Amino acid sequence: MPELPEVETVKIGLAKLLPGKTIKNVTWDWLKSFPNSQADTDSFLIGAKIVLVKRRAKVLLIELSSKYSLVIHLKMTGQLVFVGRERFGAGHPSESLIGHLPDKSTRVTLELNEGKLFFNDQRKFGWMRLIPTAEVPSIDFFKKIGPEPLAASFGAKAFAARLKKRPNSSVKTVLLDQSIIAGVGNIYADESLWGAKIHPLTPVRDLSTQKINNLFEELQYVLRLSIEKGGSTDRNYVNAEGKKGSYMSFARVFRREGQPCPRCGSTIIKIRVAGRGTHLCPKCQRLKS
DNA sequence: CACTTGACCTGTCCGC
DNA sequence: TGCGGACAGGTCAAGT
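Quick note, the first sequence lines up with residues 1 to 289 if you use this note's numbering.
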């Protein structure tokens, strides 16, 4: 699922549902989804109370009273869905995802004193790790992660300076590089480049200050809009309550190849950049202008 | 170094 | 209907 807006949406939901609840038991069916020792799990997960839910980059952090944290990366198809005790009763709408949980994509189940938290992940790329809270910032994943694009302290000047660390790379490749900027993935890279009228293959060195400023504005705009819409559901993504996000109906180019550009009416095309499907308007986003 | 490709997995869709 | 291949929101490791 999950780029910054999707993970942020899950975080907002879990932050309302989880703090104060106690973890009673954990079960898992795929070691790579939950690569923790039985000893750590017994000592620092079972019986711990959930204190706080946070997000950094595309990662969720659930802080526990045991001074350990659950650190969760949803990768492509991960879901973190809370089902309250009342939801287990008969008569719940059968079309609702949460009526079906656990299902065959469920990798980890956390039983709480009230309700259950399911970590589902069809493709098994995601993971949930139990780590001492003090050590979380120094794990390999976070050591190399860039700044948060929506942080109040992060502005267009800092954005430009970070992009320019990779002058010869295409701008889309750099947007997707988590060590440059945290949280941007394929959807919001394409959407923000369309907004700023920049071809995804443009080398960073060819971008004017004005263009970089436009890109920063557009990136913040699409990320904020998507959080407001509860993220993008293309296939698997759901929030903490099992509900889909609606940003895809606001998308201008992503997965809209063959449709008219909402700005100029030209037909949106799809190419491949950095190994990823890339959507753009060939008229609005020219390589040389 | 910087950039590309393959690997990690399952599921779906599309063409033959 | 079946089968093979391409592709999918993300990161790593290994190759060039």
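Where a beta carbon is used, it is the ideal one built from N, C-alpha and C, also for glycine.
The structure displayed is predicted, hence computed values, not measured ones.
Judged by their CB atoms, Val238 and Asp190 are not nearer to each other than the 7 Å cut-off.
If you draw a straight line from the Cα of Tyr188 to the Cα of Cys261, it is about 16 Å long. Under the DSSP assignment, Leu70 falls in the beta strand (DSSP E) whose first and last residues are 68-73.
Residue range 23-28 is occupied by the beta strand (DSSP E) that includes Val26. Inclusion of Lys270 and Gly277 in the CB contact set at 7 Å is warranted, their separation being smaller than that value. Leu60 sits in a strand when the DSSP states are folded into three classes.
The C-beta distance from Lys144 to Ser179 rounds to 5 Å, short enough to fall under 8 Å. For the stretch 129-173, the full-length alpha helix (DSSP H) segments reaching 4 residues or more read 140-143, 156-163 along the chain. Proximity to Met76 across Glu63, Lys11, Val59 peaks at Val59, based on C-alpha coordinates. A check of alpha carbon separations from Met128 across Gly115, Leu80, Val171 identifies Leu80 as the nearest. The Cβ atoms of Val204 and Val174 sit closer than 7 Å to each other. Inclusion of Phe82 and Leu17 in the CB contact set at 7 Å is warranted, their separation being smaller than that value.
The beta-bridge partner set that DSSP reports for Glu111 consists of Asn25, Lys116. With respect to the C-alpha of Arg224, the residue from Glu241, Asn236, Ala152, Lys164 having the closest C-alpha is Ala152. In the DSSP assignment, Gln220 falls within the alpha helix (DSSP H) that extends over 209-228. Rounded to the nearest whole angstrom, the CA to CA distance from Thr202 to His279 is 14 Å.
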